[in-house]
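Asks: Going by numbering that gives the first Met the number 0, the first residue of the sequence shown is number 0, and it counts up by one from there. Think of the CB as a built atom: it goes at the ideal place given N, C-alpha and C, for glycine as much as any other residue. Every value quoted in this text rests on a predicted model; they were computed, and no experiment measured them. If you scroll down you'll find the structure; I have some questions about it.
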Amino acid sequence: MILIENETIKCRDTLSADLEYVKAAESDAENSRFVSQWSIEQHLHAIGDEDQMHITLEDSNSGKRVGYVLMAGLKNNNKSIELRRIVITEKGKGYGRQVLNLIQEYTFETIGAHRLWLDVKTFNQRARDLYKSTGFVEEGTLRESMLYNGQYDSMVIMSILESEYNAGRTTHA
Ligand SMILES: CC(C)(COP(=O)(O)OP(=O)(O)OC[C@H]1O[C@@H](n2cnc3c(N)ncnc32)[C@H](O)[C@@H]1OP(=O)(O)O)[C@@H](O)C(=O)NCCC(=O)NCCS
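Now the structure itself:
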């Protein structure tokens, strides 16, 4: 099912047939330092879990897969949705920015959430800059909270609130 789309990107439900692509994307050397690695079973669980959304991203014109997104917290009472993972396999072409705008639109206008949040490794400057430029605000750092390859990485928590999303829309209208 298509969740949301614009002239550049289509966000649709991930199918089990997409999981080989998803696994290859997250384990690629360009991405594995920045995102967690899941087994096929964990991805299948996310696809079937009502609290989560597993989204495959396609170019609207070519239909080619260009990445995937995981979201979580759809059932929580605080209306606080986690953007758990984003990987773009066709980097530097503007897909990431478009997807973040679409995910914000989906979160606040379709789901009706109050808060969208994420964590990002401190050294992932490209992602941090992109999140900031699409309206996310840094909240603080979870110091050395992720063990990766024998090394502890620190995570920055970022979020955007419904009011900030609405204010941004008014400003940019
Ligand atoms: C971070 C990521 C999602 C961004 O997606 P993308 O499609 O490459 O991003 P875009 O093409 O929309 O570019 C966004 C910004 O990144 C910057 N950027 C683009 N290419 C870049 C490059 N080669 N090096 C550094 N920064 C670059 C630009 O500032 C651009 O901003 P602009 O629109 O003002 O030009 C993607 O690179 C990715 O999958 N990275 C690995 C996984 C990851 O880090 N996920 C996030 C975990 S929290």
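#1: Comparing alpha-carbon positions, which option in K63, V155, R32 lies nearest D17?
#2: Please tell me whether, using a cut-off of 6 Å, the distance from the CB of V86 to the nearest non-hydrogen atom of ligand 1 is below it.
#3: Are E6 and S59 touching if we call contact CB-CB under 7 Å?
#4: If you follow the alpha helix (DSSP H) that V98 is part of, which residue opens it and which one closes it?
#5: State the beta-bridge partners of E137 as determined by DSSP.
#6: Looking only at its own chain, which residues have a Cβ that is under 6 Å from the Cβ of E143, when we skip the five neighbours before and after it?
#7: Can you list, in chain order, the residues of its chain with a C-beta nearer than 6 Å to that of A126? Leave out the 5 residues immediately preceding and following it.
#8: Using 7 Å as the threshold, is the C-beta distance between G134 and G93 below it?
Replies: The short version:
#1: K63
#2: yes
#3: yes
#4: 94 to 104
#5: M157
#6: Y151, S153
#7: V119
#8: no
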